[in-house]
Structures are given as structure tokens and as C-alpha cells.
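Quick notes on the structure that follows.
Number of protein chains: 2
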Amino acid sequence: MAKKLHLNAFEMNCLGHLSHGLWAHPADQRWRYKDLSYWTELAALLERGKFDTLFIADVLGIYDVYGNSKDAALRNAVQIPANDPALIVPPMAHVTNHLGFAVTSSTSYEHPFAFARRMSTLDHLTKGRIAWNIVTSYLPNAAHNFGYSEMMNHDERYELAEEFLEVVYKLWEGSWEDNAVIIDKNNRIYSDPNKVHKIEHNGKYFNVQGPHMSEPSLQRTPVLYQAGTSSRGKAFAARHAECVFVTGTDTSIMKRQIADIRRQAEEIGRDPSKIKFFTPLVAVVGETREEAEQKMKVLSSYYSHEGAMVLFGSGTGYDLAAYSDDSYLEGPRNHVQSIAERFSKNAPNPRTVGEIRQSLNHLRGTGLYVVGTATEIADQLQQWIEETDLDGFNVRQVISPGTLEDFIDLVVPELQKRGVFRKEYEEGTTFRERLYSADSGRLPDSHPAAKYRRQA
Amino acid sequence: MAKKLHLNAFEMNCLGHLSHGLWAHPADQRWRYKDLSYWTELAALLERGKFDTLFIADVLGIYDVYGNSKDAALRNAVQIPANDPALIVPPMAHVTNHLGFAVTSSTSYEHPFAFARRMSTLDHLTKGRIAWNIVTSYLPNAAHNFGYSEMMNHDERYELAEEFLEVVYKLWEGSWEDNAVIIDKNNRIYSDPNKVHKIEHNGKYFNVQGPHMSEPSLQRTPVLYQAGTSSRGKAFAARHAECVFVTGTDTSIMKRQIADIRRQAEEIGRDPSKIKFFTPLVAVVGETREEAEQKMKVLSSYYSHEGAMVLFGSGTGYDLAAYSDDSYLEGPRNHVQSIAERFSKNAPNPRTVGEIRQSLNHLRGTGLYVVGTATEIADQLQQWIEETDLDGFNVRQVISPGTLEDFIDLVVPELQKRGVFRKEYEEGTTFRERLYSADSGRLPDSHPAAKYRRQA
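In the order they appear, the protein sequences are chains R and A.
Heads up, the first sequence is in our numbering, so the first residue is 1 and it goes up one at a time.
Heads up, the second sequence is in our numbering, so the first residue is 1001 and it goes up one at a time.
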């Protein structure tokens, strides 16, 4: 039987997430990102399309490597302006019943005590439909916005993230026992104080006394998303993540990445099949391939090459404005090669900067890119899943909500017809229950968070 | 002409804000605080009643002075469990058009960069209906939740708050010029980079580079609320606040407090009439006074005396469990006297602990308390405004939403008939425009935040 696939919509509370320049397209509605109705309409659309979640990316600083300046990011609205990702969730939950919401939040700059309460509040308000995309932040400007003169190095960011998770696991899983809230109206006892615990965390980065301010929500710990590409990142994902993002354009490399993380998860006692892998998807669909290609041609004419170089600059640390076309990126060969692998398929290595620049002049991005009929797109999705052991896709919007409308009206029915995508939402109240067809919204006992539980 | 009065509903994202024990009353709906529909229904009710705002209190720790333990707070659900106050605002904005939302947030424990973006996001999503209740946090457990071994002293909390405000003013008022967002589709320029500025704040407590991540919202700086009772607090309110909370049961003391803050505001060049003063109100209304008194008698039978002592303990620092009834509170005479003044009218000084304990066994709280007909309540409201120069009231709920339903159905029409409360919302898109019958949602030039503006 073919593997069931999962679909997230890939969004951000801003004008231009990854489709640089498309805000200027007359049909693009993303200029309404500041309006509640943009988000409530989008959520209703996704629930009509039986999507798993709306995934909301985030950054805490400006992309200022390209041209050694913030200017190109501002001109092209590359992830700035960008508003808070969590505050749009409750109104979307108000107009939906099944759609999950994955909120990005960094472990590097906010305090775990307040963050844990925000996530518990969201899990209460959505009745258990919250996921958290764990990031450690890679923009130097974000460090400067939060009082650091320079960014922590990559491994230290992960060390801090490990402790951050320990703190929030203690708050979510360990502070309130399952039967702490007794609501005894006769004796006027709401919570049994013997079953609500301070956590008394004293660590290298955090000291947190507790107890957690929120009573237990349906999932307690939100479903955990993470993107791990470095070896430290992959180990972190294998330990903590329930959904993992992998990027790339080469299915054989992706297959190795996925297998590697599943193997590491198994080694520490987790069920490797419980970890779901996603890659970004750009799908432009037409009734015929010619129609799809024509559509893509028009969309591409709005694409901002400068915007792509802004993103590449801060994503890789390389300022392409400082190189000539016939030069090569300087740096360790492994590093340069991994960048080439992420940004284009079957790239000859080393590539000239001119070739890299050229490869960025395209909406395709770092995942699956398909232009064609619904049949062709469904074929490609299934083929990638077979070749890589992926579980699903993060569907990027080229124009919003047009891209998702087309996908939901044309591709989703084709996937449903093939029996690889749900026709109705699975049973279960919470997102975690639906994700695993499980009968509990709680983390399994094999997850490292479970050891902080304090039950009778 | 009689002064127009303003009304805020006084709430908190929890079971028991100040009406300790009433969660057990069969008509109380506050057990639904975790449900979106509790909040959307409440917001719709308040808009029907033409209220200015829903004011949402908050704490970041547990009340653990009474009995030197967290237990009584948990048993009585005294502000724990308590969820995040900001996340309930967007769904309420979704179902209303005029109601303002005042969100409490502390300057002591969260970082101003992320906080500023959250408030800008709320101001965008509500189209300019956001206020911020600035607090510095007074619970020792909150300090322990955020990594401090002991609480900063009162004056240092205010010093830090001053710098926190400087940072957020720079982000809200100074980072993006008014015409920075040009949305030039032909030339594909969303923001003019020359008009978006880093703030480069380097201070004692914070280093923040910027720019602000959010484009300017309608109000930019939210309407500023604050409760200042200490001399440091009053000076802070005179400098920054647009709405000030004063508490007490003696109108002559309140009159002096209000006059003192207005005078201090005038001394630094602010229009003293622009500062609006509010005090809490408990109003239980009946068709006859007997009916109201009977209603109050039933409500009072649910009141938790222990809950009141929990709040008193952390609010004052005195653990009444450690005193005998015939003893006196130890400490500086001024301090002990100011506590007595806050907690009961015409109190003889010094009072025995037994007398204090007795005075806490009552729903009246620290503001205006009236039980009677709509006419009697309206009379009292007008009398307090005349005697003290107050501008309005924070209406506390005894049971929710029953207290507000009664108030809106019976008292509001009486106030409208007398011409002292609006029959329809004032013109103006934003909360600040309606509050001042002004033609701009922006802070006036005389406010200290205005000096951070960077205009051509």
C-alpha cells in the first residue's frame, strides 16, 4: 500500500516569505498579511483542502549580508516587514476545527518560562492543534537585536537549545500531574496543591523555579518540528523532533539524510517511523502542461533575483555582491559543496559565482519543483516519497492564495483518488492524534520529554 | 456639563482574577477561560455595552507569601492557572469593530525587541485598538521563574522600565518613517531603505540594534496604561501614562493622588486633562435595592476569605497566617498605614490583624463598591467622578459574564440617559482617537516618545 502523505502550507507573517518579488503580482493577496481576514480565509481554505497544518516561519532580524547592507532586503520586502507568528493562530483556530498550526520560535533569544506559557495557551485555545518549529536563529542582526555583540557559535546555540528544551519539558510534562486539576466545587478546591510542582531547574543558561502557570493542555508538549541539516542539527532532530524538514534538490542525498536521522532516533530508543519528514514543494498546476508552463512564465517575470541573493547571503554567509561572475566562493570545500548541493540539482563542483547567481534566478528553491498537470504533479510527489522515504511536503505559495487554491482544487483530488491523501480528517481531537492515528495527544513514553513526567 | 465617563472591563486570562472563590458559583462561566468562545462572547457583549476596552491583567508567578506556601493559591485558583493575555486578543478583535484591548506586560522579564513586535502585530491585527498596561512585576516567584535569585528592588525595576520604554519608543516611533512604506509595484520597491533606521540603542540594561521588524501600525505606540501608587510610580505615570489606575476607598485620598499626577504631568509639558484616571468598580445591581442586596448575599457566600489573604500576602508582603488576631503588622508606620488605607475606608490606625483579616472577608476590594439599583449606582459613579476627578471605572466581574450583563443591561442605559456615557462609539478608527476625540491615532507631540520620531 502506498504511504499516506502529509501536507503543510508553508507561510510566514510577512509579505514575501520565499517568493521574492511576487508581492507585486496583481493577483497576490499577501499585502493583506496585516489583516485578520487574510489569515482566517487562508485557514478555511486549508481546512477545505484537508491540509495537516499551516506552518508559519519566522526570523528575528534583517538579512544584511548581501551588499553588506539592509537595503536590498527592505526594497524587496525579503522577510521584512515581518510580524509575530503566534498571534495570528487563535483567530484561525476560531474558524477551523482540524487544521494544525506550527509556530516557529527560537530557543536563542526568548525566555523559556514565558514561551512555555504562550504555547500552553495556544494549545488550550486551539484544543490541541499546536506544533512548535524549534529554531536556533542564524541571523547576526537577530543577535544584535537581543543584546549580543556577536552570535553564539552554531554548537553553543544547540547546547543552549538542549537546555531550553529541558526547561520547557519540565514545565509542560512535569509541573502539573494529570489529575492535579480536580475542580471540586463542594470543597472549593480547583487544583490539588500536592500535585502541582515547582520544577527548580538550575542549569548553565537558565534558572527556573516554576510551577508552570498554565494547567495541562490536551497535548501538553506541542508537536515538535525541526530542520536539522548539520550533524549537530541531525542529532538534535533525532532526539527531539516529531516532524523534520529536509531540503535539497537531489533525492539520493535526501534519502541518506532521512535514513541517517531515522537510524539515530532508533539508536536512542525512539520509533523511527514516528518521525515524519517534509521537504518544500513549489507546484504550479495547469489543465495542460503548456498552461502550467505559461502560468509559471508569468509568475517568474515578477521574481526578484536580488531578493534571492539577499536570502542566499544571510543563509550561507556569502555576499554575492562582493564576487565577480568568474570567481569561486572562498571557504572550506565541504561547506562550499554543501551550499551547491542545497541550491541546485546535479551541480558541477566547484561552481563559479556566475553559475550560482544564475541558479538563484528561479522560483524553484530547495526542494521539489514541478510545473505541470495534476497527474504529473501527483506522480512526482509519489516518486519523491518512494525515492527518499519522505512523508510529505511543505507547499510554498508563489502567489497567495492562488497557489494553494489551485493545489487544493486540482492536485488534492488527484491524490485523494489515488488513496494517498486523506478525504476526511482522521479521528482524534488533537493534531498529534491525527498525525499518528493515535489515541492520545500526548508524547509517547519513548520521547525524551517523557522522563520529566511525575505521576503517581 | 457633566464629565463623560469611560468604562473598561477588568479581566484576566484565568479562573479567578479578584473574585476569589466565585468560580464555584453555578452561574459563573469563567471555567471556560481556556475556550476561544468565552472570550469572543465576552468581547461581543462589551461592544454591545459600548465599553472602551477589555483590560486584561497578568502575573508571571505564583502568590506564595500566605502560609509561606503556594498551596492556598492553587486550592483557590488565585490567578493560577493563568494563561497568556495577548493571545486572546486577535480572536476578540475578529468579532468586534470598536472595542479596545489593554494587555498587561511586564518590563522586568521579557525582551523589548520581541515585545515591541508583538504589540505592533496586535495593533495591525486590531487596526489600532491596542493598549499596553505597563507593569514592573512584584512577585518574588516571577523573579525566580526568570532566572533571578532575588527580585530587583522597587526603584531599580523602575529604572529598568524607563530604559525598556526608551527602547520600544525608538522601535515604534523612530525606526520607520511615516512614508517609508511606498509599495511601488512598478519599480518593485516595498520599503524605502533610506527611511528605515536601525535604532542602535546601547544602554545599561539593553543593547538593541534594530530596525524594528514591523512596519508602522495605526497607533505605532499602543495607548499606555499604568498603575502608579508609590512616588516613583506616580512620577513614571506622569511621564508616560495615558490612562492611570488608582485604587483606594477614600475619595479625598484619591483626589489628592489624581491631582498630584496631573500636576507632575503638566510640569513636564504634558496636557494634564489628557491623562485618564480609572479605579476598580464592584457594582451589583437589582431592580430594587433589596434585590441587589439579596443577590450580593448569595454571591458573597461563595467568596473565599483564604483567597483574599493569598492576594493580600503577595500584594503587601505580609503573611497573615503568621500573626495572631490581636497583633499588629510589623514594619514602618507609613507602610502599614498605606496598606490600611488601600484596604478599607476610614480605617482606624493602627488596626489589629484581626480587623484587617475581617476587612478582607468581603468582595468590595480597593475601589468603588456599590450594591443597589441602576439609579443608585449611576449616582455613586457620578459622585466619585465629581469628588475625585476620576475619568472612569474598571468594572470587575463577580460572576462572569453575569456581572457585566447586568451592568450593561441596567446601569449603562441609565448613564446614557444622563448623557454621561456614549450611546454610540465616537468617530475614529483607533482606540486613541476615540479616547481623546482626536483626529489621529498617534501620540501627541508633547509625549516623551515623540522625541524619538525621525521625520523629514
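All C-beta atoms, glycine included, are put in the ideal place defined by N, C-alpha and C.
These numbers come from a predicted model, not from an experiment.
Residue i in three-state terms, based on DSSP
i	result
Q1383 (chain A)	helix
D1028 (chain A)	coil
K1003 (chain A)	coil
H1017 (chain A)	coil
S37 (chain R)	helix
L410 (chain R)	helix
P280 (chain R)	strand
R1289 (chain A)	helix
Y452 (chain R)	helix
V1310 (chain A)	helix
V1135 (chain A)	strand
L22 (chain R)	helix
T1429 (chain A)	coil
Y369 (chain R)	strand
L1363 (chain A)	coil
L1320 (chain A)	helix
R333 (chain R)	helix
E424 (chain R)	coil
Cβ distance (whole Å) where residue i is taken to contact residue j below 8 angstroms
i	j	result
D58 (chain R)	S400 (chain R)	With 8 angstroms as the limit, D58 (chain R) and S400 (chain R) do not qualify as a contact, their Cβ atoms being about 17 angstroms apart.
L99 (chain R)	T53 (chain R)	7 angstroms
A131 (chain R)	F101 (chain R)	7 angstroms
G519 (chain R)	L7 (chain R)	Nothing about residue 519 (chain R) can be read from this structure; chain R reaches only from 1 to 456.
N361 (chain R)	H447 (chain R)	Going by Cβ atoms, the distance from N361 (chain R) to H447 (chain R) rounds to 43 angstroms, so no, they are not a contact pair.
A9 (chain R)	V395 (chain R)	5 angstroms
E376 (chain R)	R289 (chain R)	7 angstroms
A1073 (chain A)	I1062 (chain A)	5 angstroms
G1441 (chain A)	R1454 (chain A)	Actually they do not touch by this definition, with Cβ atoms about 19 angstroms apart.
L5 (chain R)	G392 (chain R)	5 angstroms
V1310 (chain A)	A1374 (chain A)	Actually they do not touch by this definition, with Cβ atoms about 33 angstroms apart.
Neighbour-count burial assignment, residue i, 16 or more Cβ in a 10 Å radius
i	result
D445 (chain R)	exposed
H1154 (chain A)	exposed
S1230 (chain A)	exposed
K234 (chain R)	buried
P1140 (chain A)	buried
P1090 (chain A)	buried
R1364 (chain A)	buried
I339 (chain R)	buried
S1108 (chain A)	buried
G248 (chain R)	buried
V298 (chain R)	exposed
S19 (chain R)	buried
N1097 (chain A)	exposed
E173 (chain R)	buried
Close-in-space but distant-in-sequence residues of the same chain around residue i (CB under 8 angstroms, 5 per side omitted)
i	result
D1325 (chain A)	T1352, V1353, G1354, R1357
Y190 (chain R)	V181, I182, I183, D184
G49 (chain R)	L7, L404, F407, I408, V412
Y1158 (chain A)	T1136, R1232, G1233, F1236
L224 (chain R)	A131, W132, I134, H240, A241, E242, C243
A1259 (chain A)	D1389
Beta-carbon contacts of residue i that lie in its chain and below 7 angstroms, excluding the five residues immediately before and after
i	result
V208 (chain R)	P112, F113, V167, I199, H201
A1086 (chain A)	V1103, R1118, L1122
Q382 (chain R)	A2, V420
N13 (chain R)	Y33, I56, A82, N83, D84, P85, I88
L443 (chain R)	T221, A449, A450
Q426 (chain R)	One point to set straight first is that residue 426 (chain R) is Glu, not Gln, in the sequence displayed. Cβ within range, chain order: R434, S437.
Any chain B beta carbon closer than 8 angstroms to residue i
i	result
L1139 (chain A)	In the displayed structure, chain B is absent; the protein chains listed are R and A.
6 angstroms CB neighbourhood of residue i in its chain, flanking five on each side removed
i	result
E1386 (chain A)	none
M424 (chain R)	Here residue 424 (chain R) is Glu; the residue named in the question, Met, does not match the sequence. Excluding residues within five positions, none has a Cβ falling inside 6 angstroms.
L329 (chain R)	Y318, V336
H1025 (chain A)	Y1302, I1399
beta-carbon residue i near the ligand NAD non-hydrogen atom, thresh 7 angstroms
i	result
W384 (chain R)	Inclusion of the ligand NAD in the displayed structure is not the case, the ligand content being empty and no account of it being possible.
Beta strand (DSSP E) runs contained entirely in the segment 1235-1268 of chain A, provided each spans 3 or more residues
Those beta strand (DSSP E) runs which fall completely within the segment 1235-1268 of chain A and span 3+ residues are 1243-1245.
Ignoring anything shorter than 4 residues or poking outside the segment 1152-1231 of chain A, list the alpha helix (DSSP H) runs there in chain order.
Counting whole runs of 4 or more residues, the segment 1152-1231 of chain A contains the alpha helix (DSSP H) stretches 1154-1169.
Can you check the segment 74-130 of chain R for any beta strand (DSSP E) of at least 3 residues that lies completely inside it and give the ranges in chain order?
Counting whole runs of 3 or more residues, the segment 74-130 of chain R contains the beta strand (DSSP E) stretches 100-106.
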